[in-house]
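>
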Amino acid sequence: MPANKSASVDLSDAAANRQDCDFVRFGPDKPLQLDCGKTLQPLTLAYKTYGALNAEKSNAVLVCHALTGDQYAAGTHPVTGKPGWWPLMIGPGLPIDTDRYFVICANVIGGCMGSTGPLSIDPETGRNFGIDFPVITMRDMVRAQAMLLDHLGIERLLCVTGGSMGGMQALQWVASYPERVFASMPIATAARHTSQNIAFHEVGRQAVIADRDWMGGRYMDKNKRPEKGLAVARMAAHVTYLSDEALHQKFGRNLQNRDALAYGFDADFQVESYLRHQGSTFVERFDANSYLYLTKAMDYFDLAADYDGVLANAFAGTKTRFCVISFTSDWLFPTGENREIVHALNAVAADVSFVELETAGGHDSFLLDVPELFDTVRGFLSSSARMRGIGDTVKAGRQA
Numbered sequence: 004m005p006a007n008k009s010a011s012v013d014l015s016d017a018a019a020n021r022q023d024c025d026f027v028r029f030g031p032d033k034p035l036q037l038d039c040g041k042t043l044q045p046l047t048l049a050y051k052t053y054g055a056l057n058a059e060k061s062n063a064v065l066v067c068h069a070l071t072g073d074q075y076a077a078g079t080h081p082v083t084g085k086p087g088w089w090p091l092m093i094g095p096g097l098p099i100d101t102d103r104y105f106v107i108c109a110n111v112i113g114g115c116m117g118s119t120g121p122l123s124i125d126p127e128t129g130r131n132f133g134i135d136f137p138v139i140t141m142r143d144m145v146r147a148q149a150m151l152l153d154h155l156g157i158e159r160l161l162c163v164t165g166g167s168m169g170g171m172q173a174l175q176w177v178a179s180y181p182e183r184v185f186a187s188m189p190i191a192t193a194a195r196h197t198s199q200n201i202a203f204h205e206v207g208r209q210a211v212i213a214d215r216d217w218m219g220g221r222y223m224d225k226n227k228r229p230e231k232g233l234a235v236a237r238m239a240a241h242v243t244y245l246s247d248e249a250l251h252q253k254f255g256r257n258l259q260n261r262d263a264l265a266y267g268f269d270a271d272f273q274v275e276s277y278l279r280h281q282g283s284t285f286v287e288r289f290d291a292n293s294y295l296y297l298t299k300a301m302d303y304f305d306l307a308a309d310y311d312g313v314l315a316n317a318f319a320g321t322k323t324r325f326c327v328i329s330f331t332s333d334w335l336f337p338t339g340e341n342r343e344i345v346h347a348l349n350a351v352a353a354d355v356s357f358v359e360l361e362t363a364g365g366h367d368s369f370l371l372d373v374p375e376l377f378d379t380v381r382g383f384l385s386s387s388a389r390m391r392g393i394g395d396t397v398k399a400g401r402q403a
């Protein structure tokens, strides 16, 4: 996509016309009630499915995406032309095996790939919502996903899973709809956002807001976009997704296309050039206002707060089986925060297993080639499927 082309406009226009994903549109008769007291009506959810739903509709796996993800978990992403965000995990013969499971991945509300969000048209004004879009929460995202499952005729999920913000949704699903979730696999996540993580997000939001092309959140009306601010936000966030070891192994203090320091403010070091590239490519596929709304939803997430400050109360009486996964090098959602979830589940005698995987990749390890992760996911899903009587292969809507 050319650098001078409005990615925000392209995303909103393309989302309404693309044939590479499915859409479900709920009219004013089915409003989505939001935690902030407002409603979204009408509501559109963009989603992708992979594999086949069996006759009993018992093999559905809901995959929830992270902050900057979308419904394109597998296959080719229509904007970037690159593989979807979880290509090593989802597909025939892969850990989330589409020969066996019916995989659903929906763009969250507030997103920018077709689901109702800041890019969408406000029916009251006839223009893009922009900054007038209502503030959303993790509960709101899950409510919308439940409406999607109702539309698909799926009463109960075999499993709900995801990493980071996706893991938050996996936890919220069990708290909000325990009877609809047989198994939950939250990965590299937490039951609440820490003050440090809120601080990182606020730096990113302020970078966007400080960009003069943000135009008070109405940049769509002016055919502009806050590219520089959003790129800086992405650069800062991307550092938190990695680890010091990963950065050192990949870049060290190596210089970028030069033999000596330039004594200026161009990218002397390879790591500087890498982050600039991450920022510039991100603005081609993501909307700045969506970034504000989704980071705020993560900041608001505090599952225990809804249950008198006691996390275990969120899972009281649950029959859902859990597998909680963390990574040793993840300092954004460290193992200790994942253990808090496990301890809360133990307190209510839930069926829970916990795996801490040794990695150097940092928080992004759940997206990387980690064989132990693949084995864990495959094993947990297979055991859950056996408990529900699901065969090894499902094709054309028939259980094998």
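Just so we're aligned, residue 4 is where the sequence shown starts under my numbering, counting upward by one. For every residue, glycine included, the Cβ atom is placed at its ideal position computed from N, Cα and C.
1) Suppose the cutoff is 7 Å on Cβ atoms and the five residues either side in sequence are ignored; what does the same chain contact list for T229 look like?
2) Which residue from N200, G40, V274 and N57 puts its Cα closest to that of L160?
3) Please give me, in chain order, every unbroken run of the alpha helix (DSSP H) with length at least 4 that falls completely inside the segment 196 to 247.
4) Return the first residue and the last residue of the beta strand (DSSP E) that G166 is part of.
5) Say whether the segment 278 to 291 touches the segment 226 to 241, bearing in mind that this needs 3 or more beta-carbon pairs closer than 8 Å, one atom from each stretch.
6) For V351 and A300, what's the separation of their Cα atoms in angstroms?
7) If you draw a straight line from the alpha carbon of I134 to that of Q74, how long is it in whole angstroms?
8) For A147, which three-state DSSP category applies?
9) Pick helix, strand or coil for S385, following the three-state DSSP scheme.
10) Indicate the three-state DSSP secondary structure (helix, strand or coil) for G30 in the structure shown.
11) S387: buried (16+ other C-beta within 10 angstroms of its C-beta) or exposed?
12) When the Cα of T71 is compared with those of T298, R391 and L37, which residue comes out closest?
13) Rounded to whole angstroms, how far is the Cβ of I99 from the Cβ of I107, which I believe are closer than 8 Å?
14) Sorted by chain position, which residues of the same chain lie with C-beta nearer than 8 Å to S179's C-beta, five sequence neighbours on each side aside?
15) Where does T101 land, buried or exposed, given buried means 16+ other C-beta within 10 angstroms?
16) Thinking L151 and L48 are a contact (beta carbons under 8 Å), I'd like their distance in whole angstroms, please.
17) D125 to L37, Cα distance in whole Å?
18) With contact counted as at least three CB pairs below 8 Å, one residue from each stretch, are the segment 156 to 171 and the segment 252 to 271 in contact?
19) Check whether the segment 85 to 92 and the segment 186 to 203 touch, using three or more Cβ-Cβ pairs below 8 Å as the test.
20) Taking the C-alpha atoms as reference points, what is the distance between P181 and L250?
21) On the three-state DSSP scale, how would you describe F318?
22) Check whether the Cβ atoms of G156 and K60 sit closer than 8 Å, and answer yes or no.
23) Can you give the Cα-Cα distance for T192 and A347, rounded to whole angstroms?
24) Over the uninterrupted alpha helix (DSSP H) stretch that includes L122, give me the two end residues.
25) At which residue ranges does the segment 42 to 93 contain complete beta strand (DSSP E) runs of 3 or more residues, listed in the order of the chain?
26) Which of the three DSSP states is assigned to P181 in this structure?
27) Under three-state DSSP, which class holds N349?
28) Kindly indicate which three-state DSSP category D23 falls into: helix, strand or coil?
29) Could you tell me the distance, in whole angstroms, from the CA atom of L23 to the CA atom of T52?
Reading it off the structure:
1) Here residue 229 refers to the residue found at position 226 when the sequence shown is read from its first residue. According to the sequence displayed, residue 229 carries Pro and not Thr. Once the five neighbours on either side are set aside, the close Cβ partners of P229 are V211, D214, D216, W217, Y222 and A291.
2) One-based indexing of the sequence shown puts residue 160 at position 157. Nearest C-alpha to L160: N57.
3) 198 to 213 and 230 to 244
4) Counting from 1 along the sequence shown, the entry for residue 166 is found at position 163. L160 to G166 is the extent of the beta strand (DSSP E) around G166.
5) yes
6) Start at 1 with the first residue of the sequence shown, and residue 351 comes out as number 348. Start at 1 with the first residue of the sequence shown, and residue 300 comes out as number 297. Rounded to whole angstroms, V351 to A300 spans 27 Å at the Cα level.
7) Start at 1 with the first residue of the sequence shown, and residue 134 comes out as number 131. Start at 1 with the first residue of the sequence shown, and residue 74 comes out as number 71. Spanning the two alpha carbons is a distance of roughly 23 Å.
8) In the sequence shown, the residue the question calls residue 147 occupies position 144. Helix.
9) Start at 1 with the first residue of the sequence shown, and residue 385 comes out as number 382. Helix, per DSSP.
10) As a first step, residue 30 is located in the sequence shown; it is residue number 27 there, counting from the start. Correct three-state label for G30: coil.
11) Taking the sequence shown and counting its residues from 1, the one referred to as residue 387 is at position 384. Counting Cβ neighbours within 10 Å, S387 comes out buried, since at least 16 surround it.
12) Working through the sequence shown from its first residue, we reach residue 71 at position 68. Among T298, R391 and L37, the Cα nearest to that of T71 is on T298.
13) Taking the first residue of the sequence shown as 1, we reach residue 99 at position 96. Taking the first residue of the sequence shown as 1, we reach residue 107 at position 104. Actually they are not in contact, since the Cβ atoms of I99 and I107 sit about 11 Å apart, beyond 8 Å.
14) Translated into the one-based positions of the sequence shown, residue 179 becomes position 176. Answer for S179: R142, V145, R146 and A149, listed in chain order.
15) Translated into the one-based positions of the sequence shown, residue 101 becomes position 98. The residue in question, T101, is buried, as its Cβ has 16 or more Cβ neighbours within 10 Å.
16) Your numbering for residue 151 matches position 148 in the sequence shown. Your numbering for residue 48 matches position 45 in the sequence shown. Indeed, because the Cβ distance is near 5 Å, the residues count as touching under 8 Å.
17) Looking up residue 125 in the sequence shown gives position 122. Looking up residue 37 in the sequence shown gives position 34. Using only the alpha carbons, I get a separation of about 16 Å.
18) no
19) no
20) Sequence index remark: in the sequence shown, residue 181 carries index 178 (1-based). Sequence index remark: in the sequence shown, residue 250 carries index 247 (1-based). Between P181 and L250, the C-alpha separation is close to 40 Å.
21) In the sequence shown, the residue the question calls residue 318 occupies position 315. Helix at F318.
22) Locating residue 156 in the sequence shown gives position 153, counting from the first residue. Locating residue 60 in the sequence shown gives position 57, counting from the first residue. Yes, Cβ-Cβ distance for G156 and K60 is below 8 Å.
23) Along the sequence shown, read from residue 1 onward, the residue named residue 192 stands at position 189. Along the sequence shown, read from residue 1 onward, the residue named residue 347 stands at position 344. Cα to Cα, T192 sits roughly 14 Å from A347.
24) On the sequence shown, position 119 is the one that residue 122 refers to. L122 -> no alpha helix (DSSP H), and no H or E assigned at all.
25) 46 to 53 and 63 to 66
26) By one-based count along the sequence shown, residue 181 stands at place 178. Residue state, collapsed to three classes: helix.
27) As a working mapping, residue 349 is identified with position 346 in the sequence shown. If DSSP states are grouped into helix, strand and coil, N349 belongs with the helices.
28) In the sequence shown, the residue the question calls residue 23 occupies position 20. It is coil, neither helix nor strand.
29) Numbered from its first residue, the sequence shown carries residue 23 at position 20. Numbered from its first residue, the sequence shown carries residue 52 at position 49. Correcting the residue identity first, residue 23 is Asp in this sequence and not Leu. Distance between the alpha carbons of D23 and T52 is about 11 Å.
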